[in-house]
Amino acid sequence: EIDLGKEGLKKSVVLAATSDAPKMEQVNCALLATSIAEYFRDQGKHVNLMMDSLTRFAQANREISASNHEPPITRGFSSSVFSKLAKLVERSGTSKSGGTITGFYTVLTEADEMEDPIADAVRGYIDGHIILNRKLAEKNHYPAIDVPASLSRVMARIAPEDQNLRAGMIRELISVYNSAEELIRLNAYVSGSDPKVDLAIRKKDKIDRYLKQKIQERSTYSHALQGLKEVLEEEQEEEEF
């Protein structure tokens, strides 16, 4: 009611299975949500499926498989868990009716561990991933998206060339700054010793302002593209990056 509002609820179906619910109920909740999304997709509609989380789905399946005496293969997860995970995620996508399901799935990791078996498996199933960074959240940088670590496997095919170029430049500038951040904070970096680091330092505040967004803020696609252009445009004429 708070996030969707009255208008949003009119176009939404909300299912919930709390963490204290039986494991089978948690699994069935995820399966039912996907079935409902498929129902609307088959009517030619474009559906957003948001699921929190695939980790809970996998953990519930792990307990069920353990009760069935299935042998674990990694961190207590049996092979059937990964099979069910893949089947669930692969149900999103397009259909012959022209409808689509765009799935947004959350994955929880321990202490930002990207080698978590569930996170590792899910990355192989999906078209892209958005990584949230605890250190950014501690700096009150929201949304706390780790841009260099995040990835879209389809962006190069669906976004204009100039957008891909600018997005790549932003990613590189953030990575360059992060690599030199300790030297910069210790005042050990000598200005002029590396043109890329100099550019990253000059653009740091502007990039951060562009990437931050309050919950109540709204931005159109065209406005976001214009903002991306403005972050870099004064440098594009002067610098070859």
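According to the working numbering, the residues represented by the sequence shown are 22 to 262, in order. Cβ atoms here follow ideal geometry from the backbone N, Cα and C, with glycine treated the same way.
Next on the checklist: For E254, count the other beta carbons within 10 Å of its own beta carbon; 16 or more makes it buried, fewer makes it exposed. Which is it?
Outcome noted: To locate residue 254, count along the sequence shown from 1; it is residue 233. Counting the other CB atoms within 10 Å of its CB gives E254 a total below 16, which places it among the exposed residues.
Checklist entry - Taking the C-alpha atoms as reference points, what is the distance between V143 and K225? => result Reading the sequence shown from its first residue, position 122 is the one you call residue 143. Reading the sequence shown from its first residue, position 204 is the one you call residue 225. The alpha-carbon separation between V143 and K225 amounts to approximately 32 Å.
Checklist entry - Taking just the CA atoms, how far does I94 sit from C50? => result For this step, residue 50 is matched to residue 29 along the sequence shown. For this step, residue 94 is matched to residue 73 along the sequence shown. It is roughly 25 Å from the alpha-carbon of C50 to the alpha-carbon of I94.
Checklist entry - Helix, strand or coil for F262 per DSSP? => result Within the sequence shown, residue 262 is the residue found at index 241, counting from 1. The pLDDT assigned to F262 is 49, lower than 50, so where the model puts this residue is not dependable, and the model offers no usable value.
Checklist entry - Straight-line CA distance for S56 to G29? => result Your numbering for residue 56 matches position 35 in the sequence shown. Your numbering for residue 29 matches position 8 in the sequence shown. One C-alpha to the other measures close to 20 Å.
Next on the checklist: Taking 9 Å as the threshold (C-beta atoms), are M72 and F264 in contact?
Outcome noted: For residue 264 there is no data in the structure shown, the boundaries of the chain being 22 and 262.
Item to check | Helix, strand or coil at S101 [DSSP, three-state] | outcome: Your numbering for residue 101 matches position 80 in the sequence shown. Three-state result, S101: helix.
Checklist entry - Rounded to a whole number of angstroms, what is the C-alpha to C-alpha distance between S101 and A42? => result Counting from 1 along the sequence shown, the entry for residue 101 is found at position 80. Counting from 1 along the sequence shown, the entry for residue 42 is found at position 21. Taking the straight line from one Cα to the other gives about 21 Å.
Item to check | Identified DSSP bridge partners for F125 | outcome: In the sequence shown, the residue the question calls residue 125 occupies position 104. DSSP lists M71 as the beta-bridge partner residues of F125.
Checklist entry - With 16 other CB atoms within 10 Å as the buried threshold, where does Y60 fall? => result Looking up residue 60 in the sequence shown gives position 39. Y60 counts as exposed, since fewer than 16 other C-beta atoms from the protein chains shown sit within 10 angstroms of its C-beta.
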